[in-house]
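K.L.:
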Amino acid sequence: MASNASSSGLKPLIKWPGGKGRELPIIRRFLAPGFDPRTTLYVEPFFGGGAVFFDMAPKRAVVNDLSPHLIGFYRAVQAEDSAFFAALGLLSVDWVALGQMTGDLEKDYLRLFSQVRADRLDRDGLMAELESVLESHEPTARLSFLNSDDFYAPLQRSLDSKLRRTANLERKHEMRFTPEKNIEHLETAVRSAYYTYLRDNWQPFGLEPEALAVYYFIREYCYGAMFRYNKEGKFNIPYGGIAYNKKDFAAKVSRLRDPILQVQLAGVRFDQGDFESFLDRVEAEFRDEEAFAFFDPPYDTDFSDYGGASFDRGDQERLAARFAALPWPGLLVIKETDYIYDLYSRLGGDVQVHAPFDKTYSYNVRGRNQRQTRHLIVTNYSVDPSEAG
Numbered sequence: 002m003a004s005n006a007s008s009s010g011l012k013p014l015i016k017w018p019g020g021k022g023r024e025l026p027i028i029r030r031f032l033a034p035g036f037d038p039r040t041t042l043y044v045e046p047f048f049g050g051g052a053v054f055f056d057m058a059p060k061r062a063v064v065n066d067l068s069p070h071l072i073g074f075y076r077a078v079q080a081e082d083s084a085f086f087a088a089l090g091l092l093s094v095d096w097v098a099l100g101q102m103t104g105d106l107e108k109d110y111l112r113l114f115s116q117v118r119a120d121r122l123d124r125d126g127l128m129a130e131l132e133s134v135l136e137s138h139e140p141t142a143r144l145s146f147l148n149s150d151d152f153y154a155p156l157q158r159s160l161d162s163k164l165r166r167t168a169n170l171e172r173k174h175e176m177r178f179t180p181e182k183n184i185e186h187l188e189t190a191v192r193s194a195y196y197t198y199l200r201d202n203w204q205p206f207g208l209e210p211e212a213l214a215v216y217y218f219i220r221e222y223c224y225g226a227m228f229r230y231n232k233e234g235k236f237n238i239p240y241g242g243i244a245y246n247k248k249d250f251a252a253k254v255s256r257l258r259d260p261i262l263q264v265q266l267a268g269v270r271f272d273q274g275d276f277e278s279f280l281d282r283v284e285a286e287f288r289d290e291e292a293f294a295f296f297d298p299p300y301d302t303d304f305s306d307y308g309g310a311s312f313d314r315g316d317q318e319r320l321a322a323r324f325a326a327l328p329w330p331g332l333l334v335i336k337e338t339d340y341i342y343d344l345y346s347r348l349g350g351d352v353q354v355h356a357p358f359d360k361t362y363s364y365n366v367r368g369r370n371q372r373q374t375r376h377l378i379v380t381n382y383s384v385d386p387s388e389a390g
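To convert, note that position 44 of the sequence shown is 45 in the working numbering; the numbers rise steadily by one, no gaps.
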């Protein structure tokens with residue numbers, strides 16, 4: 002018997018690496034027979050972007066993620082937190098103002114670029130010119146959320162870097178950028194400076210509504226939706242670049258207030274913490290209920306870093322043991338490696354490892370994520386994917 006799940010048409014609220022939006026047609030074929038999101042409790046220990054949850058649109062759900070900021074974001078959206086949405090509104094105003102700021106700076110930027118291109122300005126001279134330009138335009142006067150003189154320095158550095166880099170590219174490739182293209186570069190430098198300032202300053206703020214709003218902004222505008230931390234534990238993904246300049250942040254914010262979305266979130270409990278502690282609580286509370294659990298855990302790779310915390314093979318073994326002991330039907334999707342295949346194949350009992358399918362990543366940063374990989378589907382029930390509705 003096929004499941005009773007069909008696509009709701011809802012999409013994830015936030016970009017997340019490894020999201021399963023493109024794999025939904027495959028995942029639906031392996032859902033537990035008889036699974037009905039209208040009546041079955043939906044459980045997910047590694048929520049992330051929640052592509053499967055939003056697609057299934059269960060009436061009741063208990064979900065979890067290790068990231069406190071991610072769960073804080075979902076709770077703020079669910080509660081329609083006024084301070085959170087006020088901060089998002091100010092960020093939206095600023096994003097528009099950055100385009101206006103670009104217009105203010107165009108003439109001076111093109112003038113300075115012609116001097117850098119002709120090698121008539123050294124680094125010190127360029128920085129002095131930029132300081133004078135920024136003082137005359139007072140760019141932060143246009144901003145609402147970020148209204149601080151501290152923004153001058155990162156903006157100056159960003160403009161300096163962009164001017165020198167584009168001039169060097171012209172020399173290296175023996176070509177010339179048009180004024181229109183240089184204005185696009187200017188806009189990228191302005192928006193990148195704003196993004197980078199917020200990225201480097203939001204992290205100590207905790208879980209206040211304003212910090213959660215910045216978190217969402219950063220997740221929208223970081224390169225390729227990557228999620229990476231440096232050795233100091235700071236998020237360090239750069240701005241997405243020129244292709245992100247025209248993204249409509251206000252439209253993204255408006256979607257968070259969609260009444261249909263609010264109805265969907267009304268039946269959800271958002272937990273935060275380790276997956277095993279989460280399952281302890283949920284199994285104790287809902288053991289006798291009809292439930293279905295979906296798992297999209299971190300992969301068995303050298304770069305398995307979620308929320309600044311590693312997920313090593315000891316964690317993979319904890320997960321496999323817990324999956325085998327689930328009191329309800331469960332489905333797990335994970336990158337295929339020899340270790341993972343052996344780990345789940347030897348569980349025995351009702352656990353079944355199904356034929357792998359291909360997954361192509363949309364992005365990679367410095368080659369650290371392969372663009373092509375293969376995924377396994379693991380279930381603790383028998384299923385014939387050809388019978389899917």
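Where a beta carbon is used, it is the ideal one built from N, C-alpha and C, also for glycine.
Computed from a prediction, not measured in an experiment: that's the story for all the values here.
Rounded to whole angstroms, what's the CA-CA distance from Lys16 to Phe54? Just pull it up for me.
P.N.:
Their Cα atoms are separated by approximately 14 Å.
K.L.:
In this structure, how does DSSP classify Tyr195 when only helix, strand and coil are distinguished?
P.N.:
Note: Tyr195 maps to helix in three-state DSSP.
K.L.:
Just checking my contact of His70 with Leu213 at CB under 8 Å: how many whole Å lie between their CB atoms?
P.N.:
Yes, His70 and Leu213 are in contact; Cβ-Cβ is about 7 Å, under 8 Å.
K.L.:
Can the beta-carbon of Leu348 be found less than 9 Å from the beta-carbon of Phe312?
P.N.:
No, the Cβ-Cβ distance between Leu348 and Phe312 is not below 9 Å.
K.L.:
Can you have a look at Asp385 and say buried or exposed, based on whether 16 or more other CB atoms are within 10 angstroms of its CB?
P.N.:
It counts as exposed.
K.L.:
Excluding sequence positions up to five away, which residues of its chain have a Cβ less than 8 Å from the Cβ of Thr197?
P.N.:
The answer, listed in chain order, is Pro155, Ser159, Pro239, Tyr240.
K.L.:
Considering Cα atoms alone, identify which of Phe114, Pro34, Ala251 is closest to Ser387.
P.N.:
Answer by Cα proximity: Pro34.
K.L.:
Span of the alpha helix (DSSP H) holding Tyr342?
P.N.:
339-346 is the span of the alpha helix (DSSP H), which, as asked, contains Tyr342.
K.L.:
In this structure, does DSSP put Lys336 in helix, strand or coil?
P.N.:
Reduced to three states, the DSSP call for Lys336 is strand.
K.L.:
Tell me the DSSP secondary structure of Pro260 in three-state form.
P.N.:
Three-state result, Pro260: helix.
K.L.:
Quick check on Asn183: does DSSP put it in helix, strand or coil?
P.N.:
DSSP places Asn183 in helix when its eight states are reduced to three.
K.L.:
Comparing alpha-carbon positions, which option in Ala226, Leu147, Leu164 lies nearest Glu130?
P.N.:
Residue Leu164 is the option with its Cα nearest to Glu130.
K.L.:
Keeping to the same chain, check which residues put their C-beta closer than 7 Å to that of Arg27; ignore five residues upstream and five downstream.
P.N.:
Per the sequence shown, residue 27 should be read as Ile rather than Arg. Phe358, listed in sequence order.
K.L.:
Helix, strand or coil, according to DSSP, for Pro1 in the structure here?
P.N.:
The structure shown does not extend to residue 1, since the chain spans only 2 to 390, so no value can be given for it.
K.L.:
Round the Cβ separation of Asp351 and Phe47 to the nearest angstrom and send it over; I've been treating them as touching at under 8 Å.
P.N.:
Wrong, their Cβ atoms sit about 21 Å apart, outside the cutoff.
K.L.:
Rounded C-beta distance between Val354 and Ser346? I'm assuming under 8 Å.
P.N.:
Confirmed, Cβ separation roughly 5 Å.
K.L.:
Look at the alpha carbon of Pro180 and the alpha carbon of Phe85, and state the distance between them as a whole number of angstroms.
P.N.:
Cα to Cα, Pro180 sits roughly 39 Å from Phe85.
K.L.:
Of the choices Tyr195, Asn202, Thr302, Asp125, whose alpha-carbon is the least far from that of Asp161?
P.N.:
With distances taken between Cα atoms, Asp161 lies closest to Asp125.
K.L.:
For Ala52 versus Pro210, is the C-beta distance shorter than 9 Å?
P.N.:
No, they are not a contact pair.
K.L.:
At which residue ranges does the stretch 124-195 contain complete alpha helix (DSSP H) runs of 4 or more residues, listed in the order of the chain?
P.N.:
As far as the stretch 124-195 is concerned, its whole alpha helix (DSSP H) runs of at least 4 residues are 124-138, 153-174.
K.L.:
Within this structure, are the beta carbons of Gly242 and Thr189 separated by less than 9 Å?
P.N.:
Contact flag set, yes.
K.L.:
What whole-angstrom Cβ distance do Leu320 and Phe276 have, given they're in contact under 8 Å?
P.N.:
That pair is a contact at about 7 Å.
K.L.:
Along the chain, where does the beta strand (DSSP E) that runs through Ala62 open and close?
P.N.:
From DSSP, the beta strand (DSSP E) with Ala62 extends over 62-66.
K.L.:
Measure the C-alpha to C-alpha separation of Asp151 and Tyr195 and round it to an integer number of angstroms.
P.N.:
Their Cα atoms are separated by approximately 11 Å.
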